[in-house]
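S.K.: Here the working numbering is used: the first residue of the sequence shown is 40, the next is one more, and so on.
For every residue, glycine included, the Cβ atom is placed at its ideal position computed from N, Cα and C.
Shown below is the structure under consideration.
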Amino acid sequence: MRTVQPMVFIAFVFILLCACAGGRESAAFREAAEVEKSLQLPAAPEAGESELLFPGDSASLNVLLNYAELNNPDLKSAFNRWKSSLQRVPQARALADPMFAYRYAVQEMETPMRPEKHRLSLEQMFPWFGTLRLRGDAALEEANMAGAMYQAARLRVFFEVKDAYYEYAYLLRAIAVMEENVQLLRYLEEVVLAKYRAGAVPHSSLIKAQVERDKLEDQLRSMSDMLNPVRARLNAALNRPSRAELPPPGRIPRDTVNVSEERWIAWLQEHNPDLKASGFQIEREKFSASLARKSYYPDITLGVEYGILGAASSPEMQGSGKNPLMAMVGLNLPLWWGKNRAAVNEARAGYQASLQARQNLGNELLSALQMALYQFRDAGRREKLYREALLPRAKQALNVTQSAFETGKVDFLDLVDAQRTYLEFQLALERAQADCAQRLAELEMLAGRE
């Protein structure tokens, strides 16, 4: 009975220590679950399910964005890095494993008293007050940083899809415009040929018509070949084979966005996930600096030991003595102050570096925002100019020149110049529309908006 009671006490202490560590771990898991819920991350699709999310008869932008969100490998990688960092939080807040030891007396002490034959011990090391909390806080800020980096990767993938989608739409529209102009040149070539046979125009006019047609057909072939790399870029963002066919996209939207530069800047500073990640990094370095200062304080080790005595060598001493039960307290001695001072200085330097990195990142993002905003406004200005002024006038000039050529009032060079100008303005309008949509997508990425 005397032997059982100390063993029960040791088991109770062991269970208490484990429960204490488990409670910390459960609290960390609850906090990590709240972070995951707040980020609203989508679950990764099972194998084979993702193919059902992309209908082959539709290439709307929303369908492509949803598909990319579920299938892009870079986004999956960022998501798993985020989940991995969340699992470090309970590890950082948990106590070290308890130490259990058993000792057996190989050679007993020569004493008339009952010698100690066995000894059981259980020890638990406790870091200095506040150390585990700081470790957990630093790990949690790192997890928050990984979550913000996931959001940044998500916005980058969305921008890549939008940018390639609008370029794909531009190429298809430009090809259609050039095909119309090729048909026009072929018609004009037939008109010139008829006039040449009638002796109304010189042979040089026929040669000029054929040269212009050949040049335009070459440009058309070049633009058609450009479809493959643009389609491959879009498929890469969707994690599809580079040569996989894509249905034709819809028309590029002509969105009117009247947002001031100050509002764009405010959105960037408030919602940009890269800036948020930098802020979480600063907080992590701040906790790391506080944690480094804890190295000046000792860790505390608590334990219990229980000895089991054997039989006494002297008959008169049989039954004498009780199995000893001892409590233990230990401290490590942080005497190497140079090492601890270096750790504190390292943490302080890391904190200062994170502050400076955030300032530099803010400057770069602001510069990129202002350039994208200029290009967006410039593209909108060009789109309005070509649509409302230049293109209608070029179309009118082409019709007038074509009628005048057919009646012999102007030569073929004037007609070629009018046709070339009209084609140039048509392509410039399509380019301005695509540029406007692409720069708006870039602005949305920088401002942390979808």
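Using only CA atoms, which one of 314, 488, 484 and 458 lies nearest to residue 221?
M.R.: Counted from its first residue, the sequence shown places residue 221 at position 182. Cα-wise, what sits closest to residue 221 is 458.
S.K.: According to the Cβ coordinates, are residue 468 and residue 437 closer than 8 Å?
M.R.: Within the sequence shown, residue 468 is the residue found at index 429, counting from 1. Within the sequence shown, residue 437 is the residue found at index 398, counting from 1. No, the pair does not count as a contact, with Cβ atoms beyond the cut-off.
S.K.: Here's the rule: buried if 16 or more other CB atoms are within 10 angstroms of the residue's CB, otherwise exposed. What is residue 202?
M.R.: Numbered from its first residue, the sequence shown carries residue 202 at position 163. By the 10 Å Cβ count, residue 202 comes out buried.
S.K.: Looking only at its chain, what residues have a beta carbon closer than 8 Å to the beta carbon of residue 100, apart from the 5 residues adjacent to it on each side?
M.R.: If you number the sequence shown from 1, residue 100 lands on position 61. Contacts found: 200, 201, 204, 288 and 289.
S.K.: Apart from the five residues just before and just after residue 269, which ones in its own chain have a Cβ nearer than 7 Å to its Cβ?
M.R.: On the sequence shown, position 230 is the one that residue 269 refers to. Once the five neighbours on either side are set aside, the close Cβ partners of residue 269 are 203, 206, 207 and 210.
S.K.: To test your reading of the DSSP string, which unbroken alpha helix (DSSP H) runs of 4 or more residues are found completely within the segment 372-453?
M.R.: If we require 4 residues or more, the alpha helix (DSSP H) runs fully inside the segment 372-453 come out as 376-424 and 430-445.
S.K.: Does the beta-carbon distance from residue 408 to residue 303 come in below 8 Å?
M.R.: Numbered from 1 along the sequence shown, position 369 holds the residue referred to as residue 408. Numbered from 1 along the sequence shown, position 264 holds the residue referred to as residue 303. Yes, the Cβ-Cβ distance between residue 408 and residue 303 is below 8 Å.
S.K.: Could you compute how far the alpha carbon of residue 318 sits from the alpha carbon of residue 184?
M.R.: On the sequence shown, position 279 is the one that residue 318 refers to. On the sequence shown, position 145 is the one that residue 184 refers to. Rounded to whole angstroms, residue 318 to residue 184 spans 8 Å at the Cα level.
S.K.: Within this structure, are the beta carbons of residue 230 and residue 445 separated by less than 8 Å?
M.R.: As a position in the sequence shown, residue 230 is number 191, starting the count at 1. As a position in the sequence shown, residue 445 is number 406, starting the count at 1. Yes, they are a contact pair.
S.K.: Once the 5 residues before and after residue 425 are set aside, which same chain residues still bring their CB inside 8 Å of it?
M.R.: Mapped onto the sequence shown, residue 425 falls at position 386. Only 464, 467, 468 and 471 meet the Cβ criterion.
S.K.: In angstroms with no decimal places, state the Cα-to-Cα distance between residue 461 and residue 226.
M.R.: Looking up residue 461 in the sequence shown gives position 422. Looking up residue 226 in the sequence shown gives position 187. Cα to Cα, the separation comes out at about 16 Å.
S.K.: Alpha carbon to alpha carbon, how far is residue 170 from residue 154?
M.R.: If you number the sequence shown from 1, residue 170 lands on position 131. If you number the sequence shown from 1, residue 154 lands on position 115. Taking the straight line joining both Cα atoms gives about 42 Å.
S.K.: If contacts are defined as beta-carbon pairs under 8 Å, then residue 165 and residue 338 qualify, I think. What distance do you get, rounded to the angstrom?
M.R.: If you number the sequence shown from 1, residue 165 lands on position 126. If you number the sequence shown from 1, residue 338 lands on position 299. Right, their Cβ atoms sit about 7 Å apart.
S.K.: Tell me the rounded alpha-carbon separation between residue 282 and residue 273.
M.R.: Here the question's residue 282 lines up with position 243 in the sequence shown. Here the question's residue 273 lines up with position 234 in the sequence shown. For residue 282 and residue 273, the distance between alpha carbons rounds to 10 Å.
S.K.: If you check the beta carbons only, do residue 228 and residue 249 fall under 8 Å apart?
M.R.: What you label residue 228 is simply residue 189 of the sequence shown in a count that begins at 1. What you label residue 249 is simply residue 210 of the sequence shown in a count that begins at 1. Cβ atoms of residue 228 and residue 249: closer than 8 Å.
S.K.: Using the Cα positions of residue 456 and residue 214, report the straight-line distance between them to the nearest angstrom.
M.R.: Stepping through the sequence shown from its first residue, residue 456 is reached at position 417. Stepping through the sequence shown from its first residue, residue 214 is reached at position 175. So the alpha carbons of these two residues sit roughly 20 Å apart.
S.K.: Please list, in chain order, all residues of the same chain as residue 475 whose beta carbon is under 7 Å from its beta carbon, the five residues on each side excluded.
M.R.: Indexing the sequence shown from 1 puts residue 475 at position 436. Answer for residue 475: 415, 418, 419 and 422, listed in chain order.
S.K.: Using three-state DSSP, classify residue 83 as helix, strand or coil.
M.R.: For the purposes of this step, residue 83 is taken as residue 44 along the sequence shown, with counting starting at 1. Confidence at residue 83 is low in this model, with a pLDDT of 44, below 50, so the placement of that residue should be treated as unreliable; the coordinate-derived value is given next. Three-state DSSP puts residue 83 in coil, outside helix and strand.
S.K.: For a quick check, are the C-beta atoms of residue 131 and residue 175 less than 8 Å apart?
M.R.: Mapped onto the sequence shown, residue 131 falls at position 92. Mapped onto the sequence shown, residue 175 falls at position 136. Yes, the pair counts as a contact, with Cβ atoms nearer than the cut-off.
S.K.: Which ranges does the beta strand (DSSP E) cover as unbroken runs of at least 3 residues, wholly within the segment 100-180, from first to last along the chain?
M.R.: DSSP runs (the beta strand (DSSP E)) wholly in the segment 100-180: 138-143 and 155-165.
S.K.: Could you tell me how far apart the beta carbons of residue 117 and residue 189 are, in whole angstroms, since I believe they sit closer than 8 Å?
M.R.: Along the sequence shown, read from residue 1 onward, the residue named residue 117 stands at position 78. Along the sequence shown, read from residue 1 onward, the residue named residue 189 stands at position 150. Confirmed, Cβ separation roughly 4 Å.
S.K.: Below 8 Å on the Cβ atoms is my contact criterion, and I expect residue 314 with residue 401 to pass it. Report the Cβ-Cβ distance as a whole number of Å.
M.R.: As a working mapping, residue 314 is identified with position 275 in the sequence shown. As a working mapping, residue 401 is identified with position 362 in the sequence shown. Indeed they touch by this definition, with Cβ atoms about 6 Å apart.
S.K.: If you draw a straight line from the C-alpha of residue 224 to the C-alpha of residue 105, how long is it?
M.R.: Taking the first residue of the sequence shown as position 1, residue 224 is located at position 185. Taking the first residue of the sequence shown as position 1, residue 105 is located at position 66. If I take the Cα positions, the gap works out to 43 Å.
S.K.: Just verifying my parser: in three-state terms, what is the DSSP assignment at residue 285?
M.R.: Taking the sequence shown and counting its residues from 1, one reaches residue 285 at position 246. Correct three-state label for residue 285: coil.
S.K.: Can you tell which of 291, 198, 125 and 136 has its C-alpha closest to the C-alpha of residue 340?
M.R.: Position 301 of the sequence shown, counted from the first residue, corresponds to residue 340. When each option's Cα is compared against that of residue 340, the closest is 136.
S.K.: Check for me: the beta strand (DSSP E) holding residue 344 runs from which residue to which?
M.R.: By one-based count along the sequence shown, residue 344 stands at place 305. Note, residue 344: beta strand (DSSP E), 339-348.
S.K.: Classify residue 499 as buried or exposed, calling it buried when 16 or more other Cβ atoms lie within 10 Å of its own Cβ.
M.R.: Since the displayed the chain opens at 40 and closes at 489, residue 499 lies outside it and no answer follows.
S.K.: Can you look up residue 367 in the DSSP assignment and give me helix, strand or coil?
M.R.: Locating residue 367 in the sequence shown gives position 328, where the first residue counts as 1. Reduced to three states, the DSSP call for residue 367 is strand.
S.K.: Taking the beta carbon of residue 237 as the centre, do at least 16 other beta carbons fall within 10 Å, making it buried, or is it exposed?
M.R.: The residue labelled residue 237 in the question sits at position 198 within the sequence shown. Classification for residue 237: exposed.
S.K.: In terms of residues, what are the limits of the alpha helix (DSSP H) holding residue 321?
M.R.: In the sequence shown, the residue the question calls residue 321 occupies position 282. Per DSSP, residue 321 belongs to the alpha helix (DSSP H) from 312-332.
S.K.: May I ask you to report which of helix, strand or coil DSSP gives residue 35?
M.R.: Any answer about residue 35 is impossible in this case: the structure gives the chain only from 40 up to 489.
S.K.: Measure the beta-carbon distance from residue 125 to residue 187 and round it to whole angstroms, keeping in mind my assumption that it falls under 8 Å.
M.R.: Position 86 of the sequence shown, counted from the start, is the residue given in the question as residue 125. Position 148 of the sequence shown, counted from the start, is the residue given in the question as residue 187. About 13 Å separates the two Cβ atoms, so there is no contact after all.
S.K.: Note down, in chain order, each residue of its chain lying with its Cβ closer than 8 Å to the Cβ of residue 480, except the 5 sequence neighbours on either side.
M.R.: Counting from 1 along the sequence shown, the entry for residue 480 is found at position 441. Contacts found: 197, 198, 201, 202 and 205.
S.K.: Within the continuous alpha helix (DSSP H) that includes residue 241, where are the two ends?
M.R.: As a first step, residue 241 is located in the sequence shown; it is residue number 202 there, counting from the start. Looking at the DSSP string, residue 241 is not in any alpha helix (DSSP H), and its letter there is neither H nor E.
S.K.: Less than 8 Å separating the beta-carbons of residue 115 and residue 451?
M.R.: Within the sequence shown, numbered from 1, the residue matching residue 115 stands at position 76. Within the sequence shown, numbered from 1, the residue matching residue 451 stands at position 412. Cβ atoms of residue 115 and residue 451: not closer than 8 Å.
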